[in-house]
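The working numbering numbers the first residue of the sequence shown as 15 and each following residue consecutively. See structure below.
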Amino acid sequence: MPTDSRTPLVLISGLALTPATEFAERFLAQPGTAVVEYNLRQVTEGVVTRRLRQGQANQLSVLELAHGCVSCTLRHDMLPLLRKLSQRPEVRRIAVRLDEAMEPEPVCYAMQHVLVGDAPVDDFVRLDGVYTVIDRGSWLDAATGDELLADYDLIASPEDDRTLAQVAISQVEFADVLVEAGREPDTWTAARTNAVLDRVAPGTPRVPLSNLDAAGALARVPDDARLGELIDMHGALLHGQPPLHDECGVSTVLFSATRPFHPERLHEAIDVLLDGVVRTRGRAWVASQPDAALWVESAGGGLGIGHAGPWLASEDGPGWENVSDERSALASLRWDPRFGDRAQELVIVAHRATATEIETALTEALLTDAELVAGEQAWSRYPDPFGEWHTDPCEDSQVPDNRTDATRTDEH
């Protein structure tokens, strides 16, 4: 088999800055490792700080960007830097400690899809692991709250309205290994933290930061790790066999239906995905938008709803030959003679809400039998609060995440 000559890369994310930095520094002990750290605390002023270390060399750079945002940082500095470092013979490995406000998934998207010169960075670096460092003393509060990043001076752009929970959950979900620091204040919090992690990151190794060196961290990456693989919004929603039973008040709710939501009633019921819920992910079918699958994603008090592209049964659908085998198999299993692959599929992890109240609220938002019989022409006349979509700033240099046109906000 051909040898992969690309330079190995690890990404390190996490809201816990001090232990994340400590973990990144442990890679410096490996000969030939370059460690890059980003700081976005002045991003609203168009300034990003980057620190590059290798051996005894320690270079601090202050970057002035035309538009202060993560996307510009990726396009104009991180991606070109990764390509440049990968071509230096003295660099055998790269470790990037992302700013606390950065999520690893859009970084991986950019590495795979954004051209630097004539090729994406993925042609020059090989992702060996995504690590998320969590502080067990504070992570659960962050993942279940509704505080904004701005409340903690952690925004990644002037328009960043994400919540702490959205970032905390996203970082954990995308990790190949969770590195744990700190301690919970009590046994009950420890048990609930474990119950939530078991459901939002099932099967992901969790290792203590204490005495963990770079070699040990690399050895903990599972053979079946995703290694930056992007989420298929039309793929299976459950991975890694999460527990489906209640534990410490934490439960997993699987909601599915083969009739559309009424747009106004869904809008009224949407709070059920925020109150007492840790995480929601899945696809929704709204009667007034029969061709578009909506991607629904909530974390703590933050909610995002965006287009996931057309259904296979839509007139402008992608065609069976153009989708993954997983999507084809799922669509075949649930195919309806009238509606095709259109369906409601949501996975909800709750920590205070009950399965009954979630299921009841969502079921009542579905079309009634009489509305279903009225047909598509009647549905198209329903007022639709989900019809307006957010346009991201800095459009000409935006590095998209794969949640197309998603609005991420705690207001709806």
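Glycine residues also receive a C-beta, built at the ideal position from the N, C-alpha and C atoms.
DSSP, read as helix, strand or coil, puts E329 in coil. Scanning E39, S19, G28 and P22 for the CA closest to the CA of D227 turns up E39. Secondary structure note for V181: its alpha helix (DSSP H) is the uninterrupted segment L178 to E187. Counting only the Cα atoms, R140 lies some 19 Å from I245. If you draw a straight line from the Cα of G333 to the Cα of V300, it is about 21 Å long. Inter-residue distance for Q68 and L29 is about 24 Å (C-alpha atoms, whole angstroms).
Straight-line spacing of the CA atoms in E161 and A179 works out to 8 Å.
Residue ranges of uninterrupted alpha helix (DSSP H) with 4 or more members, entirely inside the stretch 345–402 and ordered along the chain, are 369–378, 383–388 and 390–393.
In terms of CA proximity to E278, P397 leads the group Y52, P397 and A205. Within the model, the alpha-carbon separation for D350 versus E117 is close to 37 Å. If you draw a 10 Å sphere on the C-beta of G401, you find fewer than 16 other C-beta atoms in it, and that means exposed. In this structure, the alpha-carbon of G82 lies about 29 Å from that of R293. Taking C-alpha positions only, V147 is separated from L112 by approximately 11 Å. If the five residues before and after V181 are omitted, its C-beta is found closer than 7 Å to the C-beta atoms of L29, A115, E117 and L163, all from its own chain and listed in chain order. The beta carbon of L154 sits closer than 7 Å to those of T203, R206, T207 and V210, all from its chain and outside the five residues before and after it, given in chain order. Residue pairing by DSSP puts I26 in a beta bridge opposite R111 and Y145. With respect to the C-alpha of S270, the residue from A250, A327 and R64 having the closest C-alpha is A250. Assignment of Q255 by DSSP, reduced to helix, strand and coil, places it in the coil class. When the five nearest sequence neighbours on each side are left out, the beta carbons in the same chain lying within less than 8 Å of the beta carbon of D165 are those of L178, in order along the chain. Note on geometry: alpha-carbon atoms of Y123 and E173 lie some 21 Å from one another.
When Cβ pairs closer than 8 Å are counted between the two stretches, the stretch 21–35 is seen to touch the stretch 119–139, the count reaching three or more. Rounded to the nearest angstrom, the gap between the Cα atoms of L192 and A239 is 12 Å.
For G296, the pairing in a beta bridge is given by DSSP as V310 and L360. Comparing alpha carbon positions, the residue from I183, E78 and A80 closest to V363 is I183. The beta-carbon separation of L288 and S265, rounded to 16 Å, does not stay under the 8 Å limit for a contact.
A straight line joining the alpha-carbon of P274 with that of V61 spans about 46 Å. Membership of P222 in the beta strand (DSSP E) is indicated by the continuous run R220 to P222. Q126 carries a helical assignment under DSSP once its states are collapsed to helix, strand and coil. About 16 Å separates the Cβ atoms of R234 and P216, ruling out a contact at the 8 Å cut-off. P256 and E340 have their C-alpha atoms some 19 Å from each other. Take A43, set aside five residues on each side of it, and the residues of its chain with a beta-carbon closer than 7 Å to its own are D227 and A228, in chain order. A direct Cα-Cα distance of roughly 4 Å separates G151 from E198.
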